[in-house]
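J.:
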Ligand code: SF4
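Protein chains in written order, with this note's numbering: chain B, 128 to 290; chain D, 14 to 436.
(1) Mind listing, in chain order, the continuous alpha helix (DSSP H) runs of no fewer than 4 residues lying wholly within the segment 118–168 of chain D?
(2) Assign residue 86/D to buried or exposed, taking buried as 16 or more other Cβ atoms, counted over all protein chains shown, within 10 Å of its Cβ.
(3) If the cut is a Cβ gap below 7 Å, which residues of chain B does residue 154/D touch?
(4) I'd like to confirm the pairing. Which residues does DSSP put opposite residue 274/D in its beta bridges?
(5) Answer yes if the segment 185–193 of chain B comes into contact with the segment 210–220 of chain B, meaning at least three C-beta pairs across the two stretches below 8 Å, and no otherwise.
(6) What whole-angstrom Cβ distance do residue 271/B and residue 167/D have, given they're in contact under 8 Å?
(7) Measuring CB to CB, does residue 178/D end up less than 9 Å from residue 73/D?
(8) Quick one: does the C-beta of residue 154/B sit closer than 8 Å to a heavy atom of the ligand SF4?
(9) With a threshold of 9 Å between beta-carbons, can residue 281/B be considered close to chain D, or not?
(10) Tell me whether residue 379/D counts as near the ligand SF4, meaning its Cβ is closer than 8 Å to at least one heavy atom of that ligand.
(11) Does the pairing of the segment 244–256 of chain B with the segment 204–214 of chain B give three or more beta-carbon distances under 8 Å?
(12) So what's residue 266/B in DSSP terms, helix, strand or just coil?
(13) Grab the span of the alpha helix (DSSP H) containing residue 289/B for me, first residue to last.
(14) Just list the residues that DSSP pairs residue 298/B with in beta bridges.
(15) Can you name, in chain order, every residue of its own chain whose Cβ lies under 7 Å from the Cβ of residue 378/D, other than the five neighbours on each side?
(16) Starting from the C-beta of residue 171/D, find all residues in its chain whose C-beta is less than 7 Å away, skip the five residues before and the five after it, and write them out in chain order.
(17) With a threshold of 9 Å between beta carbons, is residue 137/D in contact with chain B?
(18) Between residue 116/D and the ligand SF4, is the CB less than 8 Å from at least one heavy atom?
(19) Counting C-beta neighbours from all protein chains within 10 Å, is the total for residue 332/D 16 or more, i.e. buried, or is it exposed?
(20) What does residue 261/B reach in chain D if we use C-beta pairs closer than 7 Å?
(21) To which residues does DSSP link residue 135/B through a beta bridge?
(22) What does the alpha-carbon distance come out to for the pair residue 135/B and residue 395/D?
(23) Comparing the CB of residue 138/D with every heavy atom of the ligand SF4, is any distance shorter than 8 Å?
(24) Could you give the uninterrupted runs of the alpha helix (DSSP H) lying entirely in the segment 58–112 of chain D, keeping only those of 4 residues or more?
(25) Would you call the segment 102–111 of chain D and the segment 188–203 of chain D in contact, with 3 or more CB pairs under 8 Å?
(26) Using only alpha-carbon positions, find the residue among 91/D, 45/D, 37/D that is nearest to residue 70/D.
(27) Cβ atoms of residue 130/D and residue 30/D: under 9 Å apart, would you say?
(28) Spell out the partners DSSP gives residue 244/B in its beta bridges.
(29) Should residue 473/D go down as buried or exposed, given a rule of 16 or more other Cβ atoms within 10 Å for buried?
(30) Is the separation between the beta-carbon of residue 286/B and that of residue 63/D shorter than 9 Å?
(31) Taking C-beta pairs closer than 9 Å, name the residues in chain B that residue 85/D reaches, listed in chain order.
(32) Pull up the DSSP beta-bridge partners for residue 247/D, would you.
(33) Give a yes or no on whether the minimum CB-CB distance between residue 436/D and chain B is below 9 Å.
(34) Taking 9 Å as the threshold (beta carbon to beta carbon), is residue 232/B in contact with chain D?
(35) Nearest by alpha-carbon distance to residue 221/D: which of 292/D, 212/D, 303/D, 188/D is it?
(36) Label residue 178/B either buried or exposed according to how many other C-beta atoms from any shown protein chain fall within 10 Å of its C-beta, with 16 as the threshold for buried.
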């Protein structure tokens, strides 16, 4: 699976309250959530994001609440993959479970800048910075998680196994 | 290699003799929890699986506590989804408004979690039950759906950090101060993917309510869970609240910890987390002059009876400062009733508090006390992220109920010890 897009870059500890503030959680409609994605941190994000764009951030991305609405909102807003130095663990689970690709790579997280164009090969875990002409290698997923991703999310994985 | 308490509980629930950090396992679940924000998403996912029944009607808890009593029409629709699903699937532990409380205070109180359990909840503060010597952790809605269907969940066995607690905390130091101090020490990602294992002779001085508020905030250090050893106090609590069978697990003497910290409780000062991260801590002696507009006492961290007693002890015969709004929300109906019976409610209302029915309310900026632009609150809650309690340009300072109550009186962040004698 390939993704290619322009980069939105943020710092450390991007928390779930800024990804999608709780005041909008009285709905679980992904498209409605996407309208408010990141607005407390970057009011122009929703206006500027295009389908396929890539988010890059520092440490502990997605820390805070367990709201699956956070990866849902990012995905519905058009983000194709999130690259971070590290992810908070519940966000990490949720992203895999709903099929939002994420990659952990400190080098890429440091090096890539806002508005760079980046290409990602999820199968191989390679990240190519087309603007800076550099390639970074992320940790590939363990086989157990690859199964979930290949089944297109945890629910489909379970449905297949229950049959 | 020896195992930590967490590793032992996980091994037992995965049917394995031993596990190692990093190992992927599937474990049997003793309880699966969801609320009015996360369960609606889980219910929709559950329905996609295409089975009719949940794995065990007695092992699922649905608690509409976040936007309830329903704050608006959309919230009402979400709550109705829970209610209908609970009725249809005959879920035993569904708690309607009037019986409902904040989930992480409610589940232990109702005896739904005991020592040795494995619990997942679609809420990040599910780690609270580590106070009982259970393994509990927050997960997302899809995991909750899978858990309701299969009674199992996948976990990566965590490595561990040990916190050896020694000494006796001072008069005004509560569990909250200790955990804020620890988060300040290790940072908001200091325990990422790891378990925080508390041990040591200092634990004997911590009440169950102290331990609940400490385990509650393990997630604020990025941890998968926080866990306390089971002692006489734990067993007394479990026996008082539950008839469920419990199991006591102890860490092996040669268990491996990535790092060990020794924390002398007698040296900890009341501690405050400044905006906008829980690890931005300062001792009460270093806070300076911070004028506040609102004080919130409650939440799954500090809405228990001892928290309210502490606040009432400080506010008795005193008044909330003129420019401060004091909002108190007991975590459960039982705590509310006890506060009424003990005269705590009366003291707080006389001091000028708005005394609320149990709800998450202002803790997540939901309702019942939202901050305007530029306003500052001292809160006994657990997160002070940008916009957490309202306007993105408002500020939340995290503190104990003692500091919060003292601050309500003076109108600025204050040391409860300095209030003595100044009526
Ligand atoms: S009180 Fe606050 S932290 Fe606790 S469950 Fe409710 S919203 Fe979450």
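Backbone N, C-alpha and C fix where the C-beta goes; we use that ideal spot for every residue, glycine too.
Note that the structure is predicted; figures quoted are calculated from it, not measured.
T.: The answer reads as follows:
(1) 154–163, all fully within the segment 118–168 of chain D.
(2) Exposed, since its Cβ has fewer than 16 Cβ neighbours within 10 Å.
(3) Ordered by position in chain B, the residues that pass the 7 Å Cβ test against residue 154/D are 195.
(4) DSSP links residue 274/D through a beta bridge to 176/D.
(5) Put simply, the segment 210–220 of chain B touches the segment 185–193 of chain B. At least three CB pairs are less than 8 Å apart.
(6) About 7 Å separates the Cβ atoms of residue 271/B and residue 167/D, confirming a contact at the 8 Å cut-off.
(7) For residue 178/D and residue 73/D, no; Cβs fall outside 9 Å.
(8) No, since every heavy atom of the ligand SF4 falls outside the 8 Å radius drawn around the Cβ of residue 154/B.
(9) Using a Cβ-Cβ cut-off of 9 Å, residue 281/B counts as an interface residue toward chain D, since at least one Cβ of chain D sits closer than that to its own.
(10) True, at least one ligand heavy atom lies under 8 Å from that Cβ.
(11) Taking 8 Å as the limit for Cβ pairs, the verdict is that the segment 204–214 of chain B does touch the segment 244–256 of chain B.
(12) In the three-state DSSP reduction, residue 266/B falls in the coil class, being neither helix nor strand.
(13) Residue 289/B -> alpha helix (DSSP H) spans 281–289.
(14) In this structure chain B extends from 128 to 290, so residue 298/B is not present and cannot be described.
(15) For residue 378/D, where only same-chain residues beyond five positions count, the Cβ hits under 7 Å are 400, 401, 402, 403.
(16) The beta carbon of residue 171/D lies closer than 7 Å to those of 19, 34, 206, 207, 208, 237 in the same chain, with the five residues before and after it left out.
(17) Contact of residue 137/D with chain B is assigned, a C-beta pair being separated by under 9 Å.
(18) Relative to the ligand SF4, the beta carbon of residue 116/D is positioned inside 8 Å of a heavy atom.
(19) Exposed: under 16 other Cβ atoms inside 10 Å.
(20) Within 7 Å of the CB of residue 261/B, no CB atom of chain D is found; the nearest one sits about 26 Å away.
(21) Residue 135/B is bridged to 182/B.
(22) If I take the Cα positions, the gap works out to 29 Å.
(23) Checking every heavy atom of the ligand SF4 against the Cβ of residue 138/D, one is found closer than 8 Å.
(24) If we require 4 residues or more, the alpha helix (DSSP H) runs fully inside the segment 58–112 of chain D come out as 86–101.
(25) The segment 102–111 of chain D is not in contact with the segment 188–203 of chain D.
(26) Looking only at 91/D, 45/D, 37/D, the smallest Cα-Cα distance to residue 70/D is reached by 45/D.
(27) No Cβ-Cβ contact shorter than 9 Å links residue 30/D with residue 130/D.
(28) BP columns for residue 244/B point to 133/B.
(29) What is shown of chain D runs 14 to 436, which leaves residue 473/D out entirely.
(30) Contact check for residue 286/B against residue 63/D passes: the beta carbons are separated by less than 9 Å.
(31) Ordered by position in chain B, the residues that pass the 9 Å Cβ test against residue 85/D are 153.
(32) Checking the DSSP bridge columns, you'll see residue 247/D has no partner listed.
(33) Any reading at residue 436/D is ruled out, since the residue's pLDDT is 43, under 50, leaving its predicted position unreliable.
(34) Proximity of residue 232/B to chain D, defined by a Cβ-Cβ separation below 9 Å, is not satisfied.
(35) Nearest C-alpha to residue 221/D: 188/D.
(36) Flag for residue 178/B reads exposed.
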